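Protein sequence lines, in the order shown, are assigned to chains A and B. So that you can map any letter, position 119 of the first sequence is 119 in our numbering, and since no number is skipped, the others follow by simple counting. Heads up, our numbering is the position in the second sequence plus 1000, with the first residue counted as 1. This report refers to the structure that appears directly beneath it.
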Amino acid sequence: MAADREGGRRRVPVRAVAYAVCGAVLLAGCASMPDSGDLRGVESTPRQDTQVRVFAMPPAENAPPAEIVQGFLEALTSDDPHFETAREYLTDKARRSWRPELSTTVLADGPGTDPGRVGDREDADAYSLTLTGTKVATVDAQQSYAPAEGEYRAPVHLTRDGKTGQWRIDTVPQGVVMGKSDFQRNYMSVNKYYFAAHHAPGAGDGASGQPMAVADPVYVRKRVDPLTQAVRSLLSGPTRLLGPAVRTSFPPGTALAKGASSLTPDDRNRLTVELNGRAARTGPDTCDEMAAQLLFTLRTLTPAVDEVDLRSGETRLCSLTEDRAAAVAARGSAQHPDYLYFVDGEERVVRLPAGGSATRADPVPGALGSGEAKLRSVAVSRDEHDAAGVGLDGASLYVAPLVSGAALGERVLASRGPTEAERLSTPSWDAQGDLWVVDRDPAHPRLLMLEDGAGRPVTVRTPGLEGRVQDVRVAADGVRIALVVRAEDGQRSLLIGRIEREAKSGERPAVTVRGLRSATPGLEEVTAMSWSGDSRLVVVGRERGGVQQIGYVQVDGSTPEPQAPAALTGVQEIAASEDERLPLVAHSEDGIVRLPSGTQWQKVTDGTAPVYPG
Amino acid sequence: MSGDSAASAPGRSGARAGRPVGRKRRYLAGGLLHGGVQGSPVLRLFMRWVRRPLLPVIRLWRRNLQLKVVVTTLLMSLGVVLLLGFVVIGQVRNGLLDAKVKASQSQATGGFAAAKQRADEAATAAGDAGTPVDDRPSQNVIQWMSDLVYSLSSGGQGAFDVVTLPAGGDSGGGRGPRASGDVAPSASIPESLRERVDSSTAAAQSYTRIVYNSSEASQPALVIGKRVNDPNGDPYQLYYLFPLTQEEKSLSLVKGTLATAGLFVVVLFGAIAWLVVRQVVTPVRMAAGVAERLSAGRLQERMKVTGEDDIARLGEAFNKMAQNLQLKISQLEDLSRMQRRFVSDVSHELRTPLTTVRMAADVIHEAREDFDPVTARSAELLADQLDRFESLLADLLEISRFDAGAAALEAEPIDLREVVRRVVTGAEPLAERKGTRIRVTGDQQPVVAEADARRVERILRNLVVNAVEHGEGKDVVVKLAAAGGAVAVAVRDYGVGLKPGEAARVFSRFWRADPARARTTGGTGLGLSIALEDARLHGGWLQAWGEPGGGSQFRLTLPRTADEPLRGSPIPLEPADSRGRRTAEGTAPPSGGARAATVPAQQSAGPGQARPARDPIPPRPAAAPPAADPTALPGNGARVVPRPVSPARRQDGPSAAEPPAAHGDGHPAGGPEEDPNSQGEACRGR
């Protein structure tokens, strides 16, 4: 008995110690940070942009005239939806006549005030001053951006209200005035989409009979319901610059239904757009086109719209998802070139797979790849069936199909320019398969178009163009054309115009380029350019007193995206694709180099004249 | 009475529960003692209404030591945990804030310097551009300031937001506020800070709550502001807002941890207290139970003792005490049994020689005419005293039989009228001698009860003979009545009556009203005692009432069937022709003179006395018909404890007549005189 108890007593502490050790180990596991464990994905939270907002303040009591003007200008930069606060600075009469939506004037440094030099400064109840500044651009009533230059002067007149004794502005320039950075903060560029006019259904000479979507960039206010603004702008029709060359599928007079609130996509990324009665009787095909226009437009604004649902009154017209939109209408940026083409050291055309990182180029099948003709530059049609090459001396243009064994035909065009630099430029194919080329012969400067790359060249009229065309690139949509023009003073600038074709039955088509406008007012010498998106080009140029640089410009001349590709020196030619995922390719001092997104320039191989199809 | 018990209900305690609450005076004293709820009745009602649902809880609280200790521990540990929590949370909060404030201040200071530098640069650039200073257009400022806010705020996305406000309130220079990160500027910057920043050039800080223009929830923040000049030299206010989101999260983590830990601690303390107290309370409860059983008479109960701790010592001491008590009590019981046996034996043993003496005395008495007168007189005396001796012995035997519990009831239905007739006939000769007439009333109808005829006759004979003896030649009235479950016989005389306090004592053994008075009949001093025992054997009452000079009345009440408890008596104890009634006519309780008493219901726990003693009927002065008066029924539910004092006291209560002085005569406690044993001794001593 006693022995038992003794044994028990000895066992108890042992067991207690064991328990305590186990507990301590467990606790220690909980009390330290884990150094191993389960694997999990990390959900990325989008980094929100630091938005600076200006809050408009109503005019203070008994504020002096200078402060009133200051407050008014400040209120213009706020995101007040209808400039209600700015209107409080105006007299009743001015308030009725002032229409801020008419125009937006962008000044380099914002509007300054120049005290009025008129004699009525002594007048106790009136005050004049002038808004001054350097114009950068204007945005018109159609919200279309246009570069501008020159001095801005606008008179402002204030009066003292007889009853309340408060100063108010009674003469004010129409529209809105603000500085460049304010403009960039408050506005954003939106592409609205229309269809190329010469591609009317039934014409049937397009790649697949689809209408071709043409981008029409406009500026909307970023924080005042941009979605609804963009839709309204789309419904109101194309801007003046593009107008005659495009058509819209919306019946005339179509607008958003009355009382429609702001448009917001639902949680399934579907946007329901209610139209007024004008759109009620559209057929399903037209309706699909309308929806495609809307969808393309909204996709440039926000990726959060996958489907558009059109309604008119109680009827549901049609609904279009993004996948089906590609079948309804074609878009330049939706086409994916297979190869990158260039001319190698043996003056023949070789190609590389477009997306990959391969550096070994193969000669193209057909005559141009065989080295039969020594070539200087090349252009490949957008379907990649045909290629056009300019001979080494620049005097002759060859067109050959990219099929093995195809023979090199006769040259289709010859230039009689005195020097190599004054003969044919790099040709360019448009979406219809027409070939464009510039003959730089000083005696006969011509912009030529060869229908289907053959036949007699058509001289394209360019009314209103001053200077000689040096280079041409036609956009994928076949409506816009980019020309590099050398003025008399030697300045090379980039002009964007629209192509108008007047097809008369039996006759040769008359082709005109109209609406030419400078897209790079800042650049003095444009060396090379290429389309790089529906409404964007990549341009190599030099600013006045600056060095050569590469940058993007919108077709309207604005530069909404400040980020430029990494710098590269000695760029002679540049090639970009409308599909923005493909790398930029340039011919520089190092040969052919390319810029895959997110990295630096990489050397590909030796060669010249890199082009993507187009 | 009913009001009485209700009024004392709130203050009723265990000790008071069994004590009679009869007197108004006592009730008042009790009310004062118990907190004096003498306010308005409404207030009292309200208090009662509030208290009623709490009563079980309060009772549990009062009675349960374990509950008290556990609840107290819980409350105290809760207090400690709360205090600790406040201190810890306060320290953590201060620490977090200190770190945040320091970091924020350095960041904001850098920001202010950067803003100043940018303003200087812009001013210099404008100056270099050749614009005259006085005429410098303010063109840069709108855009410049937006750019400033953008560049300052892009340095710390999410970590802070930047806000500029015009100097001098909302009317400052026509300039609007600017804010990054969707902050609503005027709602987020406290007005006091704006005034402070306006009035001095030094930086100032404050705590605020950031309000957002978007749907984001507002959050606490530290805001640091300073007045800075723009390129034109005009002042504006620049604020840095540092959201305290992380700090709040840390704090709520600490709070959650503390709350969880605190909850565990409190619950754990409660459980520990419960366990510890249980170790103490369980033996104490056991001791209490054992003590209760001991006091209930089960003297063999003992506590279980384990171990050697304090509780064990208590148990041992308790057991020793119980053992001693058991020993003493059994000794006393043995002694008492021995005495009773001795009396019984003596009576028996005396009988045999007494028979011989009796025979011899009879011979002498027969031959007394042959003796000389003195001897003859002695022979007569001898015969008389022998008669008396014999009856005394018989009474003693009878009493000892009662004491031994050997008396058996042979109950059968009898008509009490016949018994009364027999008794009256038997007492006729004595009455004639005394010149007393015995009247019988209430004998028109049969008065039938289940009773032992011999014993009832003995009782009645005793009462009637007593009445005739003390009746001083006046009439004796025997009254019969039956009502409810009871029958009663009352014997009324108009003799000397009873002095105050005597009504309670007439039933004592060997008691006599006037020791000087001679016994004309063979009274042994045990007659009424035996009668009382007889009545009690039937489950009935025998009660006496009397007033000095007004005569007395003895009342026998028997249940109609044996074993049925009595609830009342058909005849009131105080007769209708008493002096008190005649003067007051029943409107007010008689102020004096009425002397009623019953007998102590139960003197000892004899084997034959298993039936609980009943309260005597509280006699009410109201006119009582022969039928049972409902008001005469004992209304108070107070159970009689076998304490000798109480029945007599309570008996006084309802009659409300006896002043303490009248009751007293040197016996304030009133105890011993009621005890049969000691009574016997005392009377014998008198």
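Cβ coordinates follow ideal geometry from the N, Cα and C atoms, glycine included. Computed from a predicted model, the values in this text were never measured in an experiment.
{"Item": "Can at least three beta-carbon pairs, one atom from the region 1430-1443 of chain B and one from the region 1467-1479 of chain B, be found at a separation below 8 angstroms?", "Value": "yes"}
{"Item": "Suppose contacts are defined by Cβ-Cβ distances below 8 angstroms. Is Leu271/A in contact with Thr254/A by that definition?", "Value": "no"}
{"Item": "Mind pulling the chain B residues with CB within less than 9 angstroms of Ser78/A?", "Value": "Gly1176"}
{"Item": "To the nearest angstrom, report how far apart Pro1177/B and Ser1250/B are at their CA atoms.", "Value": "33 angstroms"}
{"Item": "Taking buried to mean at least 16 other C-beta atoms within 10 Å of its own C-beta, is Cys287/A buried or exposed?", "Value": "buried"}
{"Item": "Could you name the residues of chain A that Ala1179/B contacts, counting a contact when the two beta carbons are closer than 8 angstroms?", "Value": "Val52, Arg53 and Phe55"}
{"Item": "Rounded to the nearest angstrom, how far is the Cβ of Gly1568/B from that of Gly1484/B, given a contact under 8 angstroms?", "Value": "6 angstroms"}
{"Item": "Can you list the beta strand (DSSP E) stretches of 3 or more residues lying completely in the region 113-168 of chain A, in chain order?", "Value": "126-139, 145-147 and 151-160"}
{"Item": "Where DSSP assigns a beta bridge to Phe1242/B, which residues make up the other side?", "Value": "Leu1222/B"}
{"Item": "By the DSSP assignment, the alpha helix (DSSP H) with Lys180/A in it spans what residues?", "Value": "Lys180 to Asn186"}
{"Item": "Taking contact to mean 3 or more Cβ pairs, one atom from each stretch, closer than 8 angstroms, check whether the region 263-279 of chain A and the region 311-323 of chain A are in contact.", "Value": "yes"}
{"Item": "Let's test the definition: count the other Cβ atoms within 10 Å of the Cβ of Gly1549/B and tell me whether it reaches 16, buried, or not, exposed.", "Value": "exposed"}
{"Item": "Skipping 5 residues on each side, what residues in its chain have a beta carbon closer than 7 angstroms to that of Leu1067/B?", "Value": "Leu1060 and Trp1061"}
{"Item": "Which residues in the same chain have their Cβ closer than 8 angstroms to the Cβ of Gln1445/B, if we skip the five residues on either side of it in sequence?", "Value": "Ala1482"}
{"Item": "What does Val1290/B pair with, by DSSP beta-bridge criteria?", "Value": "DSSP lists no partner for Val1290/B."}
{"Item": "Check whether chain B comes within 8 angstroms of Asp35/A, counting only Cβ atoms and requiring the distance to be less than that.", "Value": "no"}
{"Item": "Should Tyr193/A go down as buried or exposed, given a rule of 16 or more other Cβ atoms within 10 Å for buried?", "Value": "buried"}
{"Item": "Can you round the beta-carbon distance between Pro252/A and Val246/A to whole angstroms, since I take them to be within the 8 angstroms contact cut?", "Value": "Wrong, their Cβ atoms sit about 14 angstroms apart, outside the cutoff."}
{"Item": "Would you call the CB atoms of Asp430/A and Val474/A closer than 8 angstroms?", "Value": "yes"}
{"Item": "Cβ atoms of Ala1221/B and Phe1242/B: under 8 angstroms apart, would you say?", "Value": "yes"}
{"Item": "Cα separation between Glu67/A and Ala1187/B?", "Value": "24 angstroms"}
{"Item": "Could you say which of Ile592/A, Ala94/A, Pro337/A and Thr599/A lies nearest to Thr608/A if we only look at CA atoms?", "Value": "Ile592/A"}
{"Item": "Rounding to the nearest angstrom, what Cα-Cα distance links Ala1661/B and Leu1558/B in this structure?", "Value": "Interpretation of Ala1661/B is limited by its pLDDT of 37, a score under 50 that renders its predicted location unreliable; no figure is taken from the coordinates."}
{"Item": "Are Val403/A and Ala454/A touching if we call contact CB-CB under 8 angstroms?", "Value": "no"}
{"Item": "Using 8 angstroms as the cut-off, can you tell me whether the region 526-535 of chain A makes contact with the region 562-570 of chain A, which would need three or more C-beta pairs spanning the two stretches below that distance?", "Value": "no"}
{"Item": "Is Glu1247/B closer than 8 angstroms to Lys1100/B when the C-beta atoms are compared?", "Value": "yes"}
{"Item": "In whole angstroms, give me the CA-to-CA distance for Ala1296/B and Gly1289/B.", "Value": "11 angstroms"}
{"Item": "For the candidate residues Asp1372/B, Val1141/B and Gln1326/B, whose alpha-carbon lies nearest to that of Glu1301/B?", "Value": "Gln1326/B"}
{"Item": "How should Pro1659/B be labelled, buried or exposed, when 16 other C-beta atoms within 10 angstroms of its C-beta is the threshold for buried?", "Value": "Note on Pro1659/B: pLDDT 38, under 50, position unreliable in the model; no value is reported."}
{"Item": "Using the rule of at least 16 other Cβ atoms within 10 Å of the residue's Cβ for burial, across every protein chain shown, is Met178/A buried or exposed?", "Value": "buried"}
{"Item": "Is Phe183/A near the ligand HEM, judged by its Cβ being under 7 angstroms from some heavy atom?", "Value": "The ligand HEM is not part of this structure, which contains no ligands at all."}
{"Item": "Counting pairs of Cβ atoms below 8 angstroms between the region 589-606 of chain A and the region 535-548 of chain A, do you hit three or more?", "Value": "no"}
{"Item": "The alpha helix (DSSP H) with Val1423/B in it runs from where to where?", "Value": "Leu1416 to Lys1434"}
{"Item": "Any beta carbon of chain A sitting closer than 8 angstroms to that of Ser1146/B?", "Value": "yes"}
{"Item": "Measuring only the C-alpha atoms, how far is Val390/A from Ala414/A?", "Value": "10 angstroms"}
{"Item": "Tell me the DSSP secondary structure of Met212/A in three-state form.", "Value": "strand"}
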